[in-house]
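> Per this note's numbering, the very first residue in the sequence shown carries number 14; after that it's consecutive.
Don't be surprised by glycine CBs; every beta carbon is placed ideally from N, CA and C.
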Amino acid sequence: MQLGIPNENRDGSLNENRVSATPDVIKKIIKAGFSVVVEDGAGMHAGFFNEDYVKAGAKVGDVAEVFGADVVFKINPPTAQEAEFLREKCVLLSLIFSHENKNLVDFLKNKKITVFAMEKLPRTSRAQSMDVLSSQANIAGYRAVIEAGAHYGRFLPLMMTSAGMAKPARVIVLGAGVAGLQAIATAKRLGANVEAYDVRPEVREQIESLGGKFIELKMHESGAGTGGYAKELSEEGKKEQQRLLTEKLKTADIIVATAAIPGRKAPTLITKEAVDGMRRGSVVIDLAAATGGNCECTQNGKVITTDNGIKIVGTTNYPSLVPADASLFFGNNLYNFLVLLGPNLKINFEDDLVAGTCITYNGEMRQ
Ligand SMILES: NC(=O)c1ccc[n+]([C@@H]2O[C@H](COP(=O)([O-])OP(=O)(O)OC[C@H]3O[C@@H](n4cnc5c(N)ncnc54)[C@H](O)[C@@H]3O)[C@@H](O)[C@H]2O)c1
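(1) Tell me the DSSP secondary structure of F86 in three-state form.
(2) Which residue from K44, I18, E309 puts its Cα closest to that of F61?
(3) Can we say the region 280-294 touches the region 192-204, given the rule of at least three CB pairs closer than 8 Å?
(4) Starting from the N-terminal side, write out each stretch of the beta strand (DSSP E) that is 3 residues or longer and does not extend beyond the region 139-226.
(5) Given a threshold of 16 other Cβ atoms within 10 Å of its Cβ, counted over all protein chains shown, does N151 qualify as buried or as exposed?
(6) Looking at the secondary structure, which residues open and close the beta strand (DSSP E) in which A130 lies?
(7) Quick one: what's T373 bridged to in DSSP?
(8) Check each candidate in I43, Y210, P214 and name the one with the smallest Cα separation from A1.
(9) Using only alpha-carbon positions, find the residue among G204, A77, Y165, Y155 that is nearest to M172.
(10) Residue range of the beta strand (DSSP E) that G74 falls in?
(11) May I ask you to report which of helix, strand or coil DSSP gives D299?
(12) Whose CA, out of I360, V216, K252, lies closest to the CA of H233?
(13) Does DSSP classify V32 as helix, strand or coil?
(14) Looking at the structure shown, is E52 part of a helix, part of a strand, or coil, going by DSSP?
(15) Kindly indicate which residue of N349, V184, T127, V288 has the alpha-carbon position closest to the one of D320.
(16) For the structure I just gave you, are there three or more beta carbon pairs, one from the region 98-113 and one from the region 65-81, closer than 8 Å?
(17) Considering just the uninterrupted stretch of the beta strand (DSSP E) at A270, what are its terminal residues?
(18) Considering only C-alpha positions, which residue in the set G162, Q195, K133, A189 is nearest to A182?
(19) How far does the alpha helix (DSSP H) with S340 in it reach, from first residue to last?
(20) Answer yes if the region 298-310 comes into contact with the region 125-137, meaning at least three C-beta pairs across the two stretches below 8 Å, and no otherwise.
(21) Thinking C-beta only, is S333 closer than 7 Å to T35?
(22) Going by other Cβ atoms of all chains shown within 10 Å of its Cβ, with 16 needed for buried, is L230 buried or exposed?
(23) Beta-carbon within less than 8 Å of G70's beta-carbon, same chain only, minus the 5 sequence neighbours each way: which residues are those?
(24) Indicate whether at least one CB of chain C lies closer than 7 Å to the CB of N116.
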């Protein structure tokens, strides 16, 4: 059985450096009994050359060959043109975001393609090694702090030198899910003073175990939802939260904002008033820029400097800025899912991970 690895950024115009499998992942896929075809130049932006893939045992092919394989590993949902190239009844493992891509899903269904939408993987312990959202959020949290350090004109750690003393940066992390917890850990490693806030009070312990200080707001409403996720607050709750956070946020040198609610617009936590009250030279990294932003001033995909000298960074796709490791983790996640399916790709809907992730099968919508 053949497995295809396409180029995620064929014409170089996309904000994407990752590839869905690295040469190390390819070796494991081949060991599992597949032959692999990698599109010419697919790993180039992540630092993996055609010759590295050939050494790992893959063949290099063109776009028609990789999409003509029995199984295709993708990161981003296929474009309309890529979907045309996919072979009937093949198996596709990819992020799909079906609500935003209804036409694509319809097209894939009509072509009888078995589509596993990796963002739908149930978030259970057994699923952890296959969870692309977690592996990439972890990288985003790390990279967001590196980005903050690059935009901040001062040190993050305390520096005592013969030329003077620099105080440690005060970092506030908003949202302590996978990305937020990694941002806390990274900022601590760099020597900053770190405080963090989440609407789910149960994360206090996790924040403290990383050396962060939990910011407690005396709210009348809880944001704890089901399955470990947050729920959207009422309009009054949102206003109360903004009001209580605003004074605190004015004290931050760096804010890393990661708050999200699955399938919803990101909550607005950083008001313009908070930004206006921050010290000149402070930095806001808004990881939620693509889903509406946690900060009122964020412009999606842009880095702006406000009138009072605060940098608001609306960069998106942070995992793509750590492309080698992000590709390794993404590829490992997909490989682990492939192993779950087994060498003959027998689809067992009794398995909750298979059933939860499969959206189209044999010409039918599954969910
Ligand atoms: N396999 C697994 O068991 C597994 C894998 C990944 C995540 N999880 C769990 O799932 C949960 C969500 O993780 P995620 O990283 O996907 O979260 P996410 O990306 O959906 O949200 C990020 C964080 O934002 C917070 N948030 C939402 N609204 C907020 C608001 N108004 N104010 C402040 N914070 C707000 C959320 O509580 C969450 O912690 C966590 O409990 C995580 O531990 C479990």
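According to the structure shown:
(1) The sequence position of residue 86 within the sequence shown is 73, counting from 1. DSSP places F86 in the strand class (E or B) of the three-state scheme.
(2) In the sequence shown, the residue the question calls residue 61 occupies position 48. Nearest C-alpha to F61: I18.
(3) The region 280-294 makes no contact with the region 192-204, as fewer than three CB pairs between them are under 8 Å.
(4) 172-174, 177-179, 183-187, 206-210, all fully within the region 139-226.
(5) One-based indexing of the sequence shown puts residue 151 at position 138. Label assigned to N151: buried.
(6) Here residue 130 refers to the residue found at position 117 when the sequence shown is read from its first residue. For A130, the enclosing beta strand (DSSP E) covers residues 127-130.
(7) What you label residue 373 is simply residue 360 of the sequence shown in a count that begins at 1. According to DSSP, T373 bridges with V128, M378.
(8) An answer regarding residue 1 cannot be provided, because it is not within the stretch 14 to 380 covered by the chain.
(9) In the sequence shown, counting from the first residue as 1, residue 172 sits at position 159. By alpha-carbon distance to M172, the top candidate from G204, A77, Y165, Y155 is G204.
(10) For the purposes of this step, residue 74 is taken as residue 61 along the sequence shown, with counting starting at 1. Note, G74: beta strand (DSSP E), 72-74.
(11) Numbered from its first residue, the sequence shown carries residue 299 at position 286. If DSSP states are grouped into helix, strand and coil, D299 belongs with the strands.
(12) Along the sequence shown, one-based indexing puts residue 233 at 220. When C-alpha distances from H233 are compared across I360, V216, K252, the shortest belongs to K252.
(13) Here residue 32 corresponds to residue number 19 of the sequence shown, with the count starting at 1. Three-state result, V32: coil.
(14) The count along the sequence shown starts at 1 and reaches residue 52 at position 39. Reduced to three states, the DSSP call for E52 is strand.
(15) Along the sequence shown, one-based indexing puts residue 320 at 307. The shortest C-alpha separation from D320 is found at V288.
(16) The region 98-113 makes contact with the region 65-81, as at least three CB pairs between them are under 8 Å.
(17) If you number the sequence shown from 1, residue 270 lands on position 257. 267-270 is the span of the beta strand (DSSP E), which, as asked, contains A270.
(18) Stepping through the sequence shown from its first residue, residue 182 is reached at position 169. Looking at the Cα atoms, G162 is the closest of the given residues.
(19) As a first step, residue 340 is located in the sequence shown; it is residue number 327 there, counting from the start. For S340, the enclosing alpha helix (DSSP H) starts and ends at 336-354.
(20) Contact fails between the region 125-137 and the region 298-310, because fewer than three Cβ pairs, one in each stretch, are under 8 Å apart.
(21) Counting from one through the sequence shown, the residue named residue 35 turns up at place 22. Counting from one through the sequence shown, the residue named residue 333 turns up at place 320. A distance of 7 Å or more separates the beta carbons of T35 and S333.
(22) Here residue 230 corresponds to residue number 217 of the sequence shown, with the count starting at 1. L230 is classed as exposed because its beta carbon has fewer than 16 other beta carbons within 10 Å across all chains shown.
(23) Stepping through the sequence shown from its first residue, residue 70 is reached at position 57. So the qualifying residues of the chain are I39, K40, I43, V49.
(24) Among the chains of the structure shown, chain C does not appear; only one protein chain is present.
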